[in-house]
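Read the structure below first, then the notes.
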Amino acid sequence: MLRLSTRCQYGVRAMYEIARGYPETPVTIKVISEKQDVSVAFLEQILGKLRKAGLIRSVKGPGGGYMLKAAPEEISIEEILMVLEGPISITACVTQEENTGGCVKADHCVIQHLWKALGRQIEDFLTTITLQDLLEGRHFNPVLQHGVVEEAVCR
């Protein structure tokens, strides 16, 4: 089973909540925590990374919170995941660590190219999905070369 890290899942959910306030209403970390059932401490780490990457900004003072730096239709899910985890990797052997001794079979692995290609397909798909798509509750039906995969928005 392919799984995204908890950080990625919560990061997308936090960005969804912040996008709901776009363009005028800052969203507090407490509101995100309550609506998405995520601890404030974990959200602070996630939102710190997203802020440093320039996806969100913080507004200080009464009525402050977090706001998107760009419109929801300009922020892809892939961009959020890249900030939080880096490139999508199906297996440990196709990450950049492989080049530093992570996999002893990398030089003669018969399926390594398959996993790399699958990772690229997933990244390409996630590049096409934006926060606006989540806000509108769109369901996604990506057509792949050899068939159709149906994916629903997870809320």
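Heads up: the sequence shown begins at 224 in our numbering, then just goes up one per residue. Ideal placement from N, C-alpha and C gives every residue a C-beta, glycine not left out.
For Ile-311, the first and last residue of its enclosing beta strand (DSSP E): For the purposes of this step, residue 311 is taken as the residue at position 88 of the sequence shown. Per DSSP, Ile-311 lies in no beta strand (DSSP E) segment and is marked neither H nor E.
Query raised in the report: Quick one: Cα of Thr-314 to Cα of Leu-341, how far?
Result: Along the sequence shown, read from residue 1 onward, the residue named residue 314 stands at position 91. Along the sequence shown, read from residue 1 onward, the residue named residue 341 stands at position 118. Going from the Cα of Thr-314 to the Cα of Leu-341 covers about 10 angstroms.
Pairwise C-alpha distance: Ile-334 and Gly-360: By 1-based counting over the sequence shown, the position of residue 360 is 137. By 1-based counting over the sequence shown, the position of residue 334 is 111. Straight through space, the alpha carbons of Ile-334 and Gly-360 are spaced by roughly 36 angstroms.
What does a CB cutoff of less than 6 angstroms around Ile-345 pick up in its chain, not counting 5 residues either side in sequence? The count along the sequence shown starts at 1 and reaches residue 345 at position 122. If you ignore the 5 residues before and after Ile-345, its C-beta comes within less than 6 angstroms of the C-beta of Ile-311, all in its own chain and listed in chain order.
So, with DSSP's three-state summary, where would you put His-331?
Taking the first residue of the sequence shown as position 1, residue 331 is located at position 108. Looking at His-331 - three-state DSSP - the assignment turns out to be helix.
inquiry  = Given this structure, state the Cα-to-Cα distance separating Glu-308 from Thr-229, to the nearest angstrom.
reply    = As a position in the sequence shown, residue 308 is number 85, starting the count at 1. As a position in the sequence shown, residue 229 is number 6, starting the count at 1. Those two C-alpha atoms are separated by around 10 angstroms.
#### Entry: Cβ contact check for the region 236 to 243 and the region 267 to 286: 3 or more pairs under 8 angstroms
Short answer: they touch.
For this session: Would you kindly check if the distance between the Cβ of Leu-304 and the Cβ of Ala-242 is under 8 angstroms?
Result: Counting from 1 along the sequence shown, the entry for residue 242 is found at position 19. Counting from 1 along the sequence shown, the entry for residue 304 is found at position 81. Not closer than 8 angstroms, so no.
Bridge partners - Arg-280, DSSP secondary structure assignment = Residue 280 sits at position 57 when you count from the first residue of the sequence shown. Answer is Met-290, bridged to Arg-280.
Original post:
Since Ile-269 is in the alpha helix (DSSP H), which residue starts that stretch and which ends it?
Top reply: Position 46 of the sequence shown, counted from the first residue, corresponds to residue 269. Here the alpha helix (DSSP H) through Ile-269 covers 263 to 275.
Using CA coordinates, which residue listed in Tyr-289, Leu-358, His-331, Phe-348 is at the minimum distance from Pro-249?
As a working note, residue 249 is residue 26 in the sequence shown. It is Tyr-289 whose Cα lies nearest to the Cα of Pro-249.
Requested in this report: Indicate the three-state DSSP secondary structure (helix, strand or coil) for Ser-256 in the structure shown.
Outcome: Residue mapping note: residue 256 aligns to position 33 of the sequence shown, counting from 1. Looking at Ser-256 - three-state DSSP - the assignment turns out to be helix.
Who are the near neighbours of Val-261 in its chain, counting only those whose CB is closer than 6 angstroms to its CB and skipping five residues on each side? Position 38 of the sequence shown, counted from the start, is the residue given in the question as residue 261. A distance below 6 angstroms between beta-carbons, with the five flanking residues on each side excluded, links Val-261 to the following residues of its chain, in chain order: Tyr-233.
message = What does the alpha-carbon distance come out to for the pair Pro-246 and Ala-294?
response = Position 23 of the sequence shown, counted from the start, is the residue given in the question as residue 246. Position 71 of the sequence shown, counted from the start, is the residue given in the question as residue 294. Rounded to the nearest angstrom, the two C-alpha atoms are 7 angstroms apart.
query = Is it true that the CB of Leu-227 sits closer than 8 angstroms to the CB of Ile-252?
reply = To locate residue 252, count along the sequence shown from 1; it is residue 29. To locate residue 227, count along the sequence shown from 1; it is residue 4. No.
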